[in-house]
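Report on one structure; see the data block that follows.
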Amino acid sequence: MLGFSVFLGEGLTAEKRRYIQEMKQTGFTRIFTSLHIPEDDPQKVIETLQQLKKLTQKLQLDLMADVSNTGLQRLAIDLTQPKAYQQLKKLGITGIRMDYGIDNQTIAAVSHQMQVGLNASTLTKKDVEELNTHQADFSKMELWHNYYPRPETGLSKDYLQSINYKWKALGFKIVAFVPGDENLRGPLYAGLPTLEEHRNCHPLAAAIDLVDHCGCDAVHIGDSGLSKKAQEQFHSYFKDKKMLLEVDLLSDSYLSLVLGEHTNRLDDARDVVRSQEARKNNQQTIEVETNYSREQGSVTVDNKNYLRYMGEVQITKYDLPADKKVNVVARVIKKDRALIDHIGPGCHFKLKERRGYIE
């Protein structure tokens, strides 16, 4: 499951509405927002929620709100009162992530009314026992990690993995955040990741890492912006099962061999991604040219000096030396190079020329 963030204090501009529609088309199914950001005007928050409700219902997007007792009080909502659930639902909220002083009995009661998110880092086994005592509906519960605006405060991967695998053994689903790549959240504008190592990472690379290596079931974009290019890459990977990489061309030779769709071989090489199709598709003699050093992300074509390997297309996973048998014809743009590590055995990938920008 993929989600993204909308911060209510920013209002629901025409641009934000377009962004929400784009994210839905990309394959995102849930919005995360917060009801306890102290600098937000409560009346503006309610007005924005009412506007947002119309859009989320039209687009069939769930809305998960981060709440605390203090934040709810500012909105005149008391979770101990039965009418609270109707108040939340009237605002379009389909689930709440609860933190900061909400007791387990209240949490258990809420779980029978809507989706509940609990703090994955602070939940204890004693809490789980108490929730069980109060007959909580665990099928409606997820464990959410925080995002961390301040650099150097994000979690380590080892810690995240240990927490996640502990709770997954009990059947919980896990949610975490990756940074956006546009409209970063102020006042620090340093990204909103769960893992510190993801702070300046490509959002898709971070999302794949959380799902494939950290036991996360859902990933949310922490910041309020994901570029159109990144949206295209998310859609390509999660919907079309294909990794999309942009490249800068170094040579006009052999474009038909390089650009377009490929499949990484099942016998996945240590140092390079190897196109399964390229050698079979090659119908020409590859002359010797552009024998540059092969920095990470270099797209190469083996020339005639490599004999039967002539026409093989590769992407280097690491820096490799120049080789007179290998032509360097393009380079994956720097921002996309983190994605190369996630092209696994049998993974489909597409190389697309970047236009109109010089790195």
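Letter 261 of the sequence shown, counting from 1, is numbered 261 in full-length UniProt numbering, and no numbers are missing. Don't be surprised by glycine CBs; every beta carbon is placed ideally from N, CA and C. Every value quoted in this text rests on a predicted model; they were computed, and no experiment measured them.
Asked, Found
"Determine the burial state of histidine 112: buried for a count of at least 16 other Cβ atoms within 10 Å of its Cβ, exposed for fewer.", "exposed"
"Can you tell me the Cα-Cα spacing of phenylalanine 138 and arginine 354, whole angstroms?", "47 Å"
"Hey, would you say histidine 23 sits closer than 8 Å to aspartate 217, going by beta carbons?", "Here residue 23 is methionine; the residue named in the question, histidine, does not match the sequence. No."
"I'd like the list of long-range same chain contacts for tyrosine 100, defined as Cβ closer than 6 Å, with 5 residues on each side in sequence excluded.", "Ser68"
"Return helix, strand or coil for alanine 190, following the three-state DSSP convention.", "coil"
"So what's asparagine 264 in DSSP terms, helix, strand or just coil?", "strand"
"Which residues bound the beta strand (DSSP E) around serine 5?", "2-5"
"Using the Cα positions of serine 121 and aspartate 336, report the straight-line distance between them to the nearest angstrom.", "31 Å"
"Would glycine 311 pass as a contact of leucine 257 if the rule is Cβ separation under 8 Å?", "yes"
"Quick one: what's got a C-beta closer than 8 Å to threonine 189's C-beta in the same chain, skipping five residues either side?", "A small fix is needed here, since residue 189 is tyrosine in this sequence, not threonine. Same-chain partners within the cutoff: there are none."
"Using a 10 Å radius around the Cβ and a threshold of 16 neighbouring Cβ atoms, would you call valine 6 buried or exposed?", "buried"
"What are the residues that DSSP puts in a beta bridge with methionine 98?", "Val67, Leu118"
"For methionine 141, name the three-state secondary structure that DSSP assigns.", "strand"
"I'd like the list of long-range same chain contacts for proline 193, defined as Cβ closer than 7 Å, with 5 residues on each side in sequence excluded.", "Tyr147, Tyr148, Gly154, Phe177, Val178, Pro179, Arg199, Ala206, Gly222"
"Can you list, in chain order, the residues of its chain with a C-beta nearer than 7 Å to that of lysine 324? Leave out the 5 residues immediately preceding and following it.", "Val288, Asn291, Asn305"
"Thinking cysteine 214 and lysine 157 are a contact (beta carbons under 8 Å), I'd like their distance in whole angstroms, please.", "7 Å"
"So what does aspartate 302 bridge to, in DSSP terms?", "Val326"
"Go through its chain and collect everything with a Cβ distance to leucine 55's Cβ below 7 Å, but skip five positions before and after it.", "Arg17, Ile20"
"Kindly identify the DSSP beta-bridge partner or partners of threonine 133.", "Per DSSP, none; premise fails for threonine 133."
"Tell whether a beta-carbon distance below 8 Å holds between valine 116 and methionine 141.", "yes"
"For alanine 269, which of Ile340, Glu261, Glu295, Gln43 has the nearest alpha-carbon?", "Ile340"
"With a CB to CB cut of under 6 Å and the five nearest residues on each side skipped, what residues in its chain are close to glycine 71?", "Leu35, His36"
"In whole angstroms, what separates the C-alpha of glutamate 130 from that of leucine 79?", "18 Å"
"What's the call for serine 275, buried or exposed, on a 16-neighbour Cβ count within 10 Å?", "buried"
"In the DSSP output, which residue or residues are listed as bridge partners for serine 275?", "Asn264"
"Among Leu52, Leu351, Val301, Gln161, which residue has its Cα nearest to the Cα of aspartate 248?", "Leu351"
"Which residue from Glu196, Phe238, Ser298 puts its Cα closest to that of valine 332?", "Ser298"
"Mapping the DSSP letters down to three states, classify proline 345 as helix, strand or coil.", "coil"
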